[in-house]
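Visitor: Handing you a structure now.
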Amino acid sequence: MTDAHDTPLVDFYLTGSLLTDDERAVRDRVRRFAEEHLRPVAREAWEREVFPHHLLPELAALEVAGGTVADYGCPGLSPVAFGLAMRELARVDSSFATFFTVSGGLVPVTIAACGTEEQKTRWLPRLARGEAIGAFVLTEPEHGSDASHLTTRATRDGDGFILDGAKRWIGNATICDVAIVWGRAEDGIAGFLVEPPHPGFVATKIEGKLAQRSAPQADVRLDGCRVPATHRMPRGGFGAVAEMLSLARQSAAWHALGEAIACYEIARDYALRREQFGKPIASFQLVQAKLVRMLGEITKAQLLVIQLGRLLERGEATAGMTAYAKLSTTAMAREVAATARDILGGNGILHNHDVMRHLCDLEAVFTYEGTYDINTLIGGREITGLAAFT
Ligand SMILES: Cc1cc2nc3c(=O)[nH]c(=O)nc-3n(C[C@H](O)[C@H](O)[C@H](O)COP(=O)(O)OP(=O)(O)OC[C@H]3O[C@@H](n4cnc5c(N)ncnc54)[C@H](O)[C@@H]3O)c2cc1C
């Protein structure tokens, strides 16, 4: 039996007791991997903007890639177990967690939900075993929040389709084996499986990021990129895309929670060690107030994402619920990270304390899978029945 306490000193309301044994086992083995293998390389990978490719076999051995998909060699995790895996990775390395949420979560979930039998058999076992890397190719330079207006064309050409257009901010695009490219066909938006290297698919790494520096994101040019008709996923339309993004939002919420926990742990530890005016700064009332607020907000977010996971498992979660979990958790984590930075004083801006890395990385999580504003509008639409955007 693993400890019911989720994280000593952080799990204020003993939410670990709300988890199943299987979920605790996933949490513990991902945490061990993150501490033993990811932590030693995370800081330097971030600094040098290099993805730690060599960790993929160890990641695969955790049997969490493929996430909630149940068949085709995927682990069939509960949404909470997948969330815990995300939390534990993000607690150590936000960039790596972002790689994982796409290749180990969003891509297999999308192929499972939208693909043909042949597409599932070809890709899901390989994604689960870590032998293939996936990318989700939706955002365009001129269409981010309004991705439903995407202009990438998918033109019928005999027994295939030709993809033309430009994509931006595509995670894993420079290192992927399968890319789900969303384009506009005659009958609406559809997803096509492209297998790079492939003629007409050119991914160029985006340089100079100050967030999630070791996660490779890319601009993608699709120039006469021809794929056989068998590579088109049968289920499409922006409704399918929105459904997949909605599922990814729970992952982003757990991701932000992991980073908030990391920052709280660092700040608490620092406040107990750092002395000013002859005493640990943790003894000052104002510092305690900050720590209490941080832990309180983390606790509320923790309870929210566990309940969201249970609702997802029962098929009762709405788009508004996942949107709210994502927007509130990322906003909370951003505030917690900034407060932690403050508690560390000048040392807070140093790379070797990790808080600044989390603070920067959270800016990316705040924006992707729908910005704070867009997720607010998704919630607003659900509450009022009136859409403030199309
Ligand atoms: C690190 C990173 C990784 C990513 N990974 C992927 C990936 O793997 N695949 C992929 O397809 N995409 C990916 N994205 C893209 C991401 O989903 C978009 O950046 C996001 O949807 C926002 O789009 P945008 O950057 O074009 O901002 P914009 O849409 O231009 O938004 C700019 C600002 O305007 C606000 N805004 C826009 N519309 C409205 C409105 N109607 N009402 C109120 N405010 C509004 C936004 O909230 C925001 O504050 C990634 C992005 C980042 C930064």
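Residues in the sequence shown are numbered from 0 upward in steps of one, following numbering that gives the first Met the number 0. Yeah, the Cβ is synthetic: ideal placement off N, Cα and C, and Gly gets one too.
(1) Inspect the CB distances between the region 244 to 253 and the region 98 to 106 and report whether three or more fall short of 8 angstroms.
(2) Can you list, in chain order, the residues of its chain whose CB lies under 8 angstroms from that of Leu8, leaving out five sequence neighbours each side?
(3) Roughly how many angstroms lie between the CA atoms of Val29 and Glu334, to the nearest whole one?
(4) Can you tell me the Cβ-Cβ gap for Phe200 and Arg231, rounded? I've got them flagged as a contact below 8 angstroms.
(5) Whole angstroms is fine: what's the gap from Leu343's alpha carbon to Thr115's?
(6) Mind pulling the beta strand (DSSP E) runs of 3 or more residues that sit fully within the region 81 to 139?
(7) Assuming Ala322 contacts Gly277 (C-beta within less than 8 angstroms), just tell me the rounded distance between them.
(8) Figure out for me which residue from Glu368, Ala339 and Val193 has the closest Cα to the Cα of Met355.
(9) From what residue to what residue does the alpha helix (DSSP H) around Val286 run?
(10) Whole angstroms are fine: how far does the CA of Val68 sit from the CA of Val108?
(11) Buried or exposed for Asn171, please, with buried defined as at least 16 other CB atoms from any protein chain shown within 10 angstroms of its CB.
(12) Comparing alpha-carbon positions, which option in Glu57, Glu43 and Gly347 lies nearest Glu35?
(13) On the criterion of 16 or more Cβ atoms from any shown chain inside 10 Å, does Ser16 qualify as buried, or is it exposed?
(14) What number of angstroms, rounded off, separates the C-alpha of Ala363 from the C-alpha of Arg86?
(15) Can you find the residues in the same chain that come closer than 6 angstroms, C-beta to C-beta, to Leu137, ignoring five residues on each side of it along the sequence?
(16) Closest to Thr154 by CA distance: which of Pro195, Ile373 and Pro227 is it?
(17) If you measure from the CB of Trp168, is any heavy atom of ligand 1 nearer than 7 angstroms?
(18) Hey, Leu256 and Ala332: beta-carbon distance below 8 angstroms or not?
Guide: Put simply:
(1) Between the region 244 to 253 and the region 98 to 106, the count of C-beta pairs closer than 8 angstroms reaches three or more; the two stretches touch.
(2) Within its own chain, the residues whose Cβ lies closer than 8 angstroms to the Cβ of Leu8, once the five positions on either side in sequence are excluded, are Glu264 and Arg267, listed in chain order.
(3) Spanning the two alpha carbons is a distance of roughly 26 angstroms.
(4) Between the beta-carbon of Phe200 and that of Arg231 there is about 15 angstroms, and that puts the pair past the 8 angstroms contact cut.
(5) In this structure, the straight-line span from the alpha carbon of Leu343 to that of Thr115 is close to 52 angstroms.
(6) Here the runs fully enclosed are 133 to 136.
(7) About 48 angstroms separates the beta carbon of Ala322 from that of Gly277, a gap too long to meet the 8 angstroms contact definition.
(8) That would be Ala339, whose Cα lies nearest to the Cα of Met355.
(9) DSSP places Val286 inside the alpha helix (DSSP H), whose first and last residues are Gln284 to Glu312.
(10) When the Cα atoms are used, Val108 and Val68 turn out to be separated by approximately 6 angstroms.
(11) Around the Cβ of Asn171, a 10 Å sphere holds 16 or more other Cβ atoms; the residue is buried.
(12) Of the residues Glu57, Glu43 and Gly347, the one whose Cα lies closest to the Cα of Glu35 is Glu57.
(13) With fewer than 16 other Cβ atoms within 10 Å, it is exposed.
(14) Going by the C-alpha atoms only, they are around 16 angstroms apart.
(15) Cβ neighbours of Leu137 beyond the five flanking positions: Ala146 and Trp181.
(16) Residue Pro227 is the option with its Cα nearest to Thr154.
(17) Yes - ligand 1 has a heavy atom lying nearer than 7 angstroms to the Cβ of Trp168.
(18) Yes, these two residues count as a Cβ contact at 8 angstroms.
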